[in-house]
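Engineer: Can you read through this structure? Questions will come right after.
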Amino acid sequence: GSEQIIGFHLPGELLGLDGLTEGVHAASAHTLETVSVCEVPFDRLEDVARQIPALQHQLLRLMSREITRREEQLLSLGKQSPERRLAVLLLSLSMRFSQRGYSATRFLLPMARLDIANFLGLAAETVSRLLRRFQDAGVLAVDGRAVDILDLPELRALAGAEGSEEPAPPSCA
Numbered sequence: 001g002s003e004q005i006i007g008f009h010l011p012g013e014l015l016g017l018d019g020l021t022e023g024v025h026a027a028s029a030h031t032l033e034t035v036s037v038c039e040v041p042f043d044r045l046e047d048v049a050r051q052i053p054a055l056q057h058q059l060l061r062l063m064s065r066e067i068t069r070r071e072e073q074l075l076s077l078g079k080q081s082p083e084r085r086l087a088v089l090l091l092s093l094s095m096r097f098s099q100r101g102y103s104a105t106r107f108l109l110p111m112a113r114l115d116i117a118n119f120l121g122l123a124a125e126t127v128s129r130l131l132r133r134f135q136d137a138g139v140l141a142v143d144g145r146a147v148d149i150l151d152l153p154e155l156r157a158l159a160g161a162e163g164s165e166e167p168a169p170p171s172c173a
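Its first residue numbered 1, the sequence shown is counted upward by one per residue in our numbering.
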């Protein structure tokens with residue numbers, strides 16, 4: 001069958017949560033660059049979380065955040081314009097890089113435009129055209145995979161998140 005990209009994970013983010021209930025992962029992970037992975041058996045994690053309530057609380061927060069991110073992605077694919085989908089992804093990457101101590105406005109895209117297109121449900125040509133449009137509008141400077149966000153408030157507006165730190169959830173209407 002055809003491959004569907006369902007997420008891009010950055011250093012420090014959890015993956016494999018889909019295997020917690022059944023012990024089987026519905027998705028596979030592919031790395032785009034050299035990585036180190038720390039595998040923690042779930043039964044061991046449960047034991048430690050029982051002993052440290054703050055860890056249990058943090059794990060629940062992380063799982064909730066991942067569920068919210070997936071719901072927003074599903075709604076976005078069906079209801080949002082291509083411009084908004086791309087703006088939401090770029091804003092999400094910006095915030096996630098910033099949370100890890102990296103620049104929120106200057107980063108390298110770890111994925112190819114074809115992967116972005118697959119993730120957003122768009123054609124690769126559409127992604128390239130939108131990046132050019134954002135660049136022509138002075139929102140971004142793009143050089144290969146290097147992205148400079150020149151106008152963060154405008155990127156937030158394109159993502160439907162005017163004046164906020166996070167993209168607004170896609171509308172259900």
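Note that beta-carbon positions come from the ideal geometry of N, C-alpha and C, so glycine has one too. These numbers come from a predicted model, not from an experiment.
What does the alpha-carbon distance come out to for the pair Ala-124 and Ala-112?
Structural biologist: Distance between the alpha carbons of Ala-124 and Ala-112 is about 9 angstroms.
Engineer: Out of Leu-131, Glu-13, Phe-107, Leu-108, which has the shortest C-alpha to C-alpha gap to Ala-117?
Structural biologist: Among Leu-131, Glu-13, Phe-107, Leu-108, the Cα nearest to that of Ala-117 belongs to Leu-131.
Engineer: Under 8 angstroms between the Cβ atoms of Leu-150 and Leu-158?
Structural biologist: In this structure, Leu-158 does not lie closer than 8 angstroms to Leu-150 by Cβ.
Engineer: Apply the 10 Å Cβ neighbour rule to Gln-51 and answer buried if 16 or more other Cβ atoms are within range, or exposed otherwise.
Structural biologist: Exposed, because fewer than 16 other Cβ atoms sit within 10 Å of the Cβ of Gln-51.
Engineer: For His-9 and Val-48, I'd like the C-alpha separation in whole angstroms.
Structural biologist: One C-alpha to the other measures close to 24 angstroms.
Engineer: Going by the DSSP bridge assignment, what does Asp-115 pair with across the sheet?
Structural biologist: In the DSSP output, where bridge partners are listed per residue, Asp-115 has none listed.
Engineer: What are the start and end residues of the beta strand (DSSP E) that includes Asp-47?
Structural biologist: Here Asp-47 belongs to no beta strand (DSSP E); instead the alpha helix (DSSP H) covers 42 to 51.
Engineer: Note down the Cα distance separating Asp-18 from Phe-42, rounded to an integer number of angstroms.
Structural biologist: Roughly 12 angstroms separates the two Cα atoms.
Engineer: What three-state label does DSSP hand Val-37 in the structure shown?
Structural biologist: Correct three-state label for Val-37: coil.
Engineer: In the DSSP assignment, what are the bridge partners of Arg-107?
Structural biologist: Per the sequence shown, residue 107 should be read as Phe rather than Arg. Bridge partners of Phe-107: Val-147.
Engineer: Might you give, ordered along the chain, the residues of its own chain that have their beta carbon closer than 6 angstroms to the beta carbon of Ser-2, omitting 5 neighbours on each side?
Structural biologist: Nothing meets the Cβ criterion.
Engineer: Please state whether the Cβ-Cβ distance between Ser-94 and Thr-105 is less than 8 angstroms.
Structural biologist: Taking 8 angstroms as the Cβ cut-off, Ser-94 and Thr-105 qualify as a contacting pair.
Engineer: Once you ignore the five residues that flank Leu-122 on each side, which residues in its own chain have a CB closer than 6 angstroms to its CB?
Structural biologist: Here the set comprises Pro-82.
Engineer: What does Ala-141 pair with, by DSSP beta-bridge criteria?
Structural biologist: In the DSSP output, where bridge partners are listed per residue, Ala-141 has Asp-148.
Engineer: Can the beta-carbon of Arg-85 be found less than 8 angstroms from the beta-carbon of Leu-120?
Structural biologist: Yes; because the gap between Cβ atoms is below 8 angstroms, this pair is in contact.
Engineer: Short check: CB of Val-88 to CB of Ser-76, under 8 angstroms?
Structural biologist: Contact flag set, yes.
Engineer: Roughly how many angstroms lie between the CA atoms of Glu-22 and Pro-153, to the nearest whole one?
Structural biologist: About 42 angstroms.
Engineer: Could you say which of Thr-126, Gly-144, Leu-155 lies nearest to Gly-138 if we only look at CA atoms?
Structural biologist: When each option's Cα is compared against that of Gly-138, the closest is Leu-155.
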